[in-house]
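> In my numbering, the protein residues as written are 2 to 491.
A single structure is presented below for examination.
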Ligand code: NAD
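Laid out in structure tokens, this is it:
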């Protein structure tokens, strides 16, 4: 791996003259493995100008040409899953299997976008009024920017770029500065797939780079995924600057376990979804809500499974030392605020010198405690006990976040009622991580999404296009006349 990670502009790596850099770590070893350049305002100008140039050509590419490039990109992704997964695992710390899983889920979004000749078909009405035909088309926006988080270095860019490019835009990616390499690999794969240079550009950078992009007059739209405070800022700033914005934020996802649930099934699912990727998923289940009398039996089953979660094998480290310490702080705060720390991840033996923290299980957590209130984004599961179904729904609906939730039950009627009453964007029924398949769209409610378009799938494609409606008449000159009245449909 290069020790100096660059931008990718106009089909080649560009170092950037600015000289600002940020360290990139391997969270497993704790070592500093590279420096990534951080774009200056001048780099932003260069990248956006190149994207404008590329967008102007690409918008004219036929739908069949675009589809051919997308099919070729899908093949490139398929044959480079291992390479992408290795880049993700090295800089993020997740296991190789988990990293390969995120690439495969990202592939679904490219497969959806290969259908662009069908998906962009407009509507047509013959004789909508006397002698008048009407048809609609969806046109690209121009330069669209994607700003992505550290926790899915391949999948989240793939949520965005397939649809953006299929729709005829130039896509400019600003990946997380903590995990900059996967973006460059994606850029090379797009090039090998035959995408014209500049249609997929990568600008490495930090908050300053993002702010310059949000204000840039030649950026038409911004797709953001990250934490809620930054999502709110991105939505407000980009909207003020006249851009279309979808900004996905953080989460606090509840697993609601009803009294009739198979508790072994529920415990397996909750352990998998709470501690997978060390809890650094926006769809991680970080709260288990034990309904009725199931608390003790559920907690015992979860605790029984935790020795089987091997640190360094099944569960990797956290992204940075600071984040590891912050997550550990929530375990300490839980104990101080009255929760029962049944399993304390701070006691786990780290398998390597990196940023490891073992799985923690907090019982008797209440909504006032910081472990419940905040998105911890680490391997900490809080168990909250409620007396009945209504209280469980009230708890979830009172939470400011609304990304994902799951209900565990064998009662179809109860599950149906839960789905109808819950104020959350993505709901699983006995499915712990209900990330929608690529033919649907991904998005939370409330503080988990700012803007009104969900990401990928049909809503994602609509986000990257704007509608034009064309009204056509071929008048007979013999009947043509001046008429100052407002046009009537007859
Ligand atoms: P983050 O908000 O710190 O960073 C996200 C992106 O914004 C990065 O590219 C970063 O460089 C940039 N950024 C950071 N601070 C900024 C600022 N002040 N101004 C402008 N840009 C800024 O998020 P993260 O720590 O990389 O990722 C974890 C967060 O992302 C969690 O909250 C998680 O829930 C969320 N997330 C949400 C989803 C979703 O679909 N809702 C998916 C994945 C991650």
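The beta carbon of each residue, even a glycine, is placed where N, CA and C say it ideally should be.
Keep in mind the model is a prediction, meaning the values are calculated, not measured.
To the nearest angstrom, report how far apart residue 214 and residue 221 are at their CA atoms.
Within the chain shown, the letter at position 213 stands for residue 214. Within the chain shown, the letter at position 220 stands for residue 221. Distance between the alpha carbons of residue 214 and residue 221: 10 angstroms.
> Quick check: what's the CA-CA separation for residue 2 versus residue 386?
By one-based count along the chain shown, residue 2 stands at place 1. By one-based count along the chain shown, residue 386 stands at place 385. Residue placement at residue 2 is poorly supported in this model, since its pLDDT is 46, which falls under 50; the coordinates still yield a value, given next. C-alpha separation (whole angstroms): 48 angstroms.
> Pull up the distance between the alpha-carbon of residue 271 and that of residue 372, whole angstroms please.
What you label residue 271 is simply residue 270 of the chain shown in a count that begins at 1. What you label residue 372 is simply residue 371 of the chain shown in a count that begins at 1. So the alpha carbons of these two residues sit roughly 17 angstroms apart.
> Is any heavy atom in the ligand NAD found nearer than 7 angstroms to the beta carbon of residue 157?
Within the chain shown, residue 157 is the residue found at index 156, counting from 1. Yes, since a heavy atom of the ligand NAD falls inside the 7 angstroms radius drawn around the Cβ of residue 157.
> Which complete beta strand (DSSP E) runs does the stretch 430 to 477 hold, if anything under 3 residues is left out?
With a minimum length of 3 residues, the continuous beta strand (DSSP E) runs that stay inside the stretch 430 to 477 are 466 to 474.
> Which residues mark the beginning and the end of the alpha helix (DSSP H) in which residue 238 is found?
Position 237 of the chain shown, counted from the first residue, corresponds to residue 238. That run of the alpha helix (DSSP H) goes 229 to 241.
> Grab me the residues of residue 4's own chain with a C-beta within less than 8 angstroms of its C-beta, minus the 5 sequence neighbours each way, in chain order.
As a working note, residue 4 is residue 3 in the chain shown. Answer for residue 4: 34, 35 and 36, listed in chain order.
> For residue 314, which three-state DSSP category applies?
For the purposes of this step, residue 314 is identified with residue 313 of the chain shown, where counting begins at 1. Residue state, collapsed to three classes: coil.
> Who are the Cβ neighbours of residue 474 in its own chain at under 6 angstroms, not counting the five residues just before and after it?
Here residue 474 corresponds to residue number 473 of the chain shown, with the count starting at 1. Cβ within range, chain order: 132 and 133.
> Tell me the start and end of each unbroken alpha helix (DSSP H) in the stretch 303 to 362 that is at least 4 residues and wholly inside, in chain order.
Here the runs fully enclosed are 322 to 337.
> Determine the DSSP secondary structure at residue 118, reduced to helix, strand or coil.
Along the chain shown, one-based indexing puts residue 118 at 117. Helix.
> Helix, strand or coil for residue 173 per DSSP?
Position 172 of the chain shown holds residue 173. Residue state, collapsed to three classes: strand.
> Throw me the rounded Cβ distance for the residue 205 and residue 40 pair, which I believe falls under 8 angstroms.
On the chain shown, position 204 is the one that residue 205 refers to. On the chain shown, position 39 is the one that residue 40 refers to. The Cβ separation is near 6 angstroms, so the contact holds.
> Is it the case that the Cβ atoms of residue 139 and residue 466 are separated by a distance below 8 angstroms?
For the purposes of this step, residue 139 is taken as residue 138 along the chain shown, with counting starting at 1. For the purposes of this step, residue 466 is taken as residue 465 along the chain shown, with counting starting at 1. Closer than 8 angstroms, so yes.
> Just to check my reading of the structure: residue 147 and residue 161 have Cβ atoms closer than 8 angstroms, yes? What is that Cβ distance to the nearest angstrom?
Residue 147 sits at position 146 when you count from the first residue of the chain shown. Residue 161 sits at position 160 when you count from the first residue of the chain shown. Correct: roughly 4 angstroms between the Cβ atoms.
> Using only alpha-carbon positions, find the residue among 311, 409, 192 and 243 that is nearest to residue 292.
Here residue 292 corresponds to residue number 291 of the chain shown, with the count starting at 1. Of 311, 409, 192 and 243, the residue nearest in Cα terms is 409.
> Which term fits residue 96, buried or exposed, when burial requires 16 or more other beta carbons within 10 angstroms of its beta carbon?
Within the chain shown, numbered from 1, the residue matching residue 96 stands at position 95. Buried, because 16 or more other Cβ atoms sit within 10 Å of the Cβ of residue 96.
> Might you give, ordered along the chain, the residues of its own chain that have their beta carbon closer than 8 angstroms to the beta carbon of residue 298, omitting 5 neighbours on each side?
Residue numbering aside, residue 298 sits at position 297 when the chain shown is read from its first letter. Result list for residue 298: 264, in chain order.
> Apart from the five residues on each side of it in sequence, which residues of its chain come closer than 7 angstroms, Cβ to Cβ, to residue 344?
Within the chain shown, the letter at position 343 stands for residue 344. 304, 307, 360, 361 and 362.
> Give the straight-line distance between the Cα atoms of residue 483 and residue 141, rounded to the nearest whole angstrom.
On the chain shown, residue 483 is found 482 positions in, with the first residue counted as 1. On the chain shown, residue 141 is found 140 positions in, with the first residue counted as 1. Those two C-alpha atoms are separated by around 36 angstroms.
> Opposite residue 247 in the DSSP bridges: which residues?
Your numbering for residue 247 matches position 246 in the chain shown. Looking at the DSSP assignment, residue 247 forms a beta bridge with 224.
> Suppose the cutoff is 7 angstroms on Cβ atoms and the five residues either side in sequence are ignored; what does the same chain contact list for residue 276 look like?
Taking the chain shown and counting its residues from 1, the one referred to as residue 276 is at position 275. Contacts found: 310, 316, 360 and 380.
> The ligand NAD and residue 356: does the residue's C-beta get closer than 7 angstroms to at least one heavy atom of that ligand?
In the chain shown, residue 356 corresponds to position 355, counting from 1. No, the ligand NAD has no heavy atom inside 7 angstroms of this Cβ.
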